[in-house]
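Undergrad: Numbering (my numbering), first residue to last: 11 to 150. Cβ atoms here follow ideal geometry from the backbone N, Cα and C, with glycine treated the same way. Starting off with a structure, shown below.
Below you can see the structure in the form of structure tokens.
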């Protein structure tokens, strides 16, 4: 159908954004899940961790199984893993995480905001600039 073709085009654009080829939290290749309010792609394992955080922190959708309304598409195309991690991991000094550290790391990152870039206004300016510069990537 025409709708599924547009969704496929969106997913194709989304996975081509630099940084989106790996999970935003653990760097596993080919993430198939998304946090629509954080604007990131994540792997199935990290999607389970995000679900435990609650929908007030992270709203999870499957790239293939769920519907993608236009406003969610624009949010995802505007942010992406690279920009998100520049904001959420600004103060992170660690290296690659061991499996047993992943859940704690995700909690520190999104719930406790332990590494968040200082200056909330800067955060919103980043989002504003990227939202409107990336919105043009979508075909009408």
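Is the beta carbon of residue 72 sitting closer than 7 Å to the one on residue 48?
TA: Going by C-beta atoms, residue 72 is not nearer than 7 Å to residue 48.
Undergrad: With three or more C-beta pairs closer than 8 Å as the rule, is the region 28-39 touching the region 84-97?
TA: Yes, they touch.
Undergrad: Measuring alpha carbon to alpha carbon, tell me which of 15, 16, 117 ends up nearest residue 64.
TA: It is 117 whose Cα lies nearest to the Cα of residue 64.
Undergrad: Under three-state DSSP, which class holds residue 32?
TA: Looking at residue 32 - three-state DSSP - the assignment turns out to be strand.
Undergrad: How many angstroms separate the CA atom of residue 45 from the CA atom of residue 107?
TA: C-alpha separation (whole angstroms): 20 Å.
Undergrad: Would you kindly check if the distance between the Cβ of residue 57 and the Cβ of residue 78 is under 7 Å?
TA: The answer is no: Cβ separation not under 7 Å.
Undergrad: So who's on the other strand from residue 43, going by DSSP bridges?
TA: 52, 72, per the DSSP bridge assignment.
Undergrad: For residue 123, which of 105, 109, 110, 96 has the nearest alpha-carbon?
TA: Nearest C-alpha to residue 123: 96.
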